[in-house]
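In our numbering, the protein residues as written are 1 to 257.
Virtual Cβ for every residue (Gly too), placed ideally from N, Cα, C.
Right, one structure below, let's go through it.
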């Protein structure tokens, strides 16, 4: 099992990772990319890293996550890049795009159907992601950065202070919830950009689907659902109120789900 180390390397000191537009890959996964008068801009918006590592990550998560959770994970990455642009953060200088994709795409790996389900989902996902990265040749320091970003993605007020990668993952995820998770960057994308992303990666009742998955994972072991942590509170709120406060709040979020 991967154990989180005390490594706090600065994101951004890694060589530039090139990003290519993966139109064919997107069409295979989601159907034709939506086009409009700014077709090139839309293609850039939806571009995923064209690296072997990114492709291996997609191959890992697609079979073991629901389509709704998979789409949420990819949208979180696309939204995180927009937050980075809003903050004037430059890929290759301030953050590594492959690591950002890895952390966003695997941030809910803890609820995957093939997991051991023996820890709270954030930690289980972080462990699995770090192990996967190391197996694919990622330096331990970089894997540790991803571990932190995934383990802390539900920890508002902490993730934002643990470096650029943690900040971007937290904000990308928060942006995909449309407001209830906090975050200061709801205006990082326009309505037209949001429409393009949601056309390529539909929401598919993401809030309910992800909450169901977290609750199911948490119910398998008392260690998975500590009180006052999100998994424990989700179970308690579902049992008490029939739904979580997050599900209720998201009905009035920017995305309305």
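List the whole-angstrom C-beta distance separating residue 80 from residue 104, where the pair is believed to meet the contact cut-off of C-beta under 8 Å. Within the chain shown, the letter at position 80 stands for residue 80. Within the chain shown, the letter at position 104 stands for residue 104. About 6 Å; that satisfies the 8 Å criterion.
Does residue 91 come out as helix, strand or coil in the three-state DSSP assignment? In the chain shown, residue 91 corresponds to position 91, counting from 1. It is a strand residue.
Do you know offhand how far residue 21's Cα is from residue 131's? Within the chain shown, residue 21 is the residue found at index 21, counting from 1. Within the chain shown, residue 131 is the residue found at index 131, counting from 1. Reliability of the predicted coordinates at residue 21 is poor, the pLDDT of 35 falling under 50, and the value obtained from them is presented with this limitation in mind. When rounded, the distance between both Cα atoms is 28 Å.
Work out the CA separation of residue 216 and residue 243 for me, nearest whole Å. Locating residue 243 in the chain shown gives position 243, where the first residue counts as 1. Locating residue 216 in the chain shown gives position 216, where the first residue counts as 1. The alpha-carbon atoms of residue 243 and residue 216 are separated by roughly 14 Å.
Is residue 67 closer than 7 Å to residue 204 when the C-beta atoms are compared? Working through the chain shown from its first residue, we reach residue 204 at position 204. Working through the chain shown from its first residue, we reach residue 67 at position 67. A contact, by the Cβ cut-off of 7 Å.
If we call anything under 7 Å between Cβ atoms a contact, is residue 249 one with residue 231? For the purposes of this step, residue 249 is identified with residue 249 of the chain shown, where counting begins at 1. For the purposes of this step, residue 231 is identified with residue 231 of the chain shown, where counting begins at 1. No, the Cβ-Cβ distance between residue 249 and residue 231 is not below 7 Å.
Can residue 97 and residue 90 be called in contact, C-beta distance under 7 Å? Here residue 97 is taken as the residue at index 97 of the chain shown, counted from 1. Here residue 90 is taken as the residue at index 90 of the chain shown, counted from 1. In this structure, residue 90 does not lie closer than 7 Å to residue 97 by Cβ.
Exposed unless 16 or more other CB atoms sit within 10 angstroms - verdict on residue 52: In the chain shown, the residue the question calls residue 52 occupies position 52. Counting Cβ neighbours within 10 Å, residue 52 comes out exposed, since fewer than 16 surround it.
Cα separation between residue 150 and residue 143? Translated into the one-based positions of the chain shown, residue 150 becomes position 150. Translated into the one-based positions of the chain shown, residue 143 becomes position 143. If you take the alpha carbons of residue 150 and residue 143, they lie about 11 Å apart.
According to DSSP, simplified to helix, strand and coil, what is residue 58? The sequence position of residue 58 within the chain shown is 58, counting from 1. Three-state result, residue 58: helix.
According to DSSP, is residue 205 helix, strand or coil? Stepping through the chain shown from its first residue, residue 205 is reached at position 205. Of the three classes helix, strand and coil, the one that applies to residue 205 here is coil, per DSSP.
Which residue from 57, 63, 87 and 43 puts its Cα closest to that of residue 186? The residue given as residue 186 occupies position 186 in the chain shown. Nearest option by C-alpha distance: 87.
Quick one: complete alpha helix (DSSP H) runs, 4+ long, within the stretch 73 to 142? 97 to 105 and 121 to 135
Residue 198, enclosing alpha helix (DSSP H) - first and last residue: Counting from 1 along the chain shown, the entry for residue 198 is found at position 198. Run containing residue 198: 191 to 200, per the alpha helix (DSSP H) assignment.
Can you check which of these residues, 157, 224 and 240, is closest to residue 181 by C-alpha distance? As a first step, residue 181 is located in the chain shown; it is residue number 181 there, counting from the start. The shortest C-alpha separation from residue 181 is found at 157.
Helix, strand or coil for residue 246? Go by DSSP, reduced to three states. Residue numbering aside, residue 246 sits at position 246 when the chain shown is read from its first letter. Residue 246: helix per DSSP, three-state reduction.
Closer than 8 Å by C-beta to residue 108: which residues in its own chain qualify, once you throw out the five before and the five after it? Chain order, please. As a working note, residue 108 is residue 108 in the chain shown. Taken in chain order, the residues that qualify are 65, 69, 72, 73, 121, 125, 210 and 213.
Is it the case that the Cβ atoms of residue 198 and residue 173 are separated by a distance below 7 Å? On the chain shown, position 198 is the one that residue 198 refers to. On the chain shown, position 173 is the one that residue 173 refers to. Contact flag unset, no.
So, under 8 Å CB-CB, residue 100 and residue 165 are touching, yes? Tell me the CB distance rounded to an integer number of Å. For the purposes of this step, residue 100 is taken as the residue at position 100 of the chain shown. For the purposes of this step, residue 165 is taken as the residue at position 165 of the chain shown. That pair is a contact at about 6 Å.
Would you grab the beta carbon distance between residue 168 and residue 95 for me? Rounded to a whole angstrom, and I think it's under 8 Å. Looking up residue 168 in the chain shown gives position 168. Looking up residue 95 in the chain shown gives position 95. With a Cβ gap of about 6 Å, residue 168 and residue 95 count as contacting.
On the criterion of 16 or more Cβ atoms from any shown chain inside 10 Å, does residue 147 qualify as buried, or is it exposed? Your numbering for residue 147 matches position 147 in the chain shown. Residue 147 is buried by the Cβ-count criterion.
Hey, how far is the Cα of residue 225 from the Cα of residue 41? Position 225 of the chain shown, counted from the first residue, corresponds to residue 225. Position 41 of the chain shown, counted from the first residue, corresponds to residue 41. Residue 225 and residue 41: Cα-Cα distance of roughly 42 Å.
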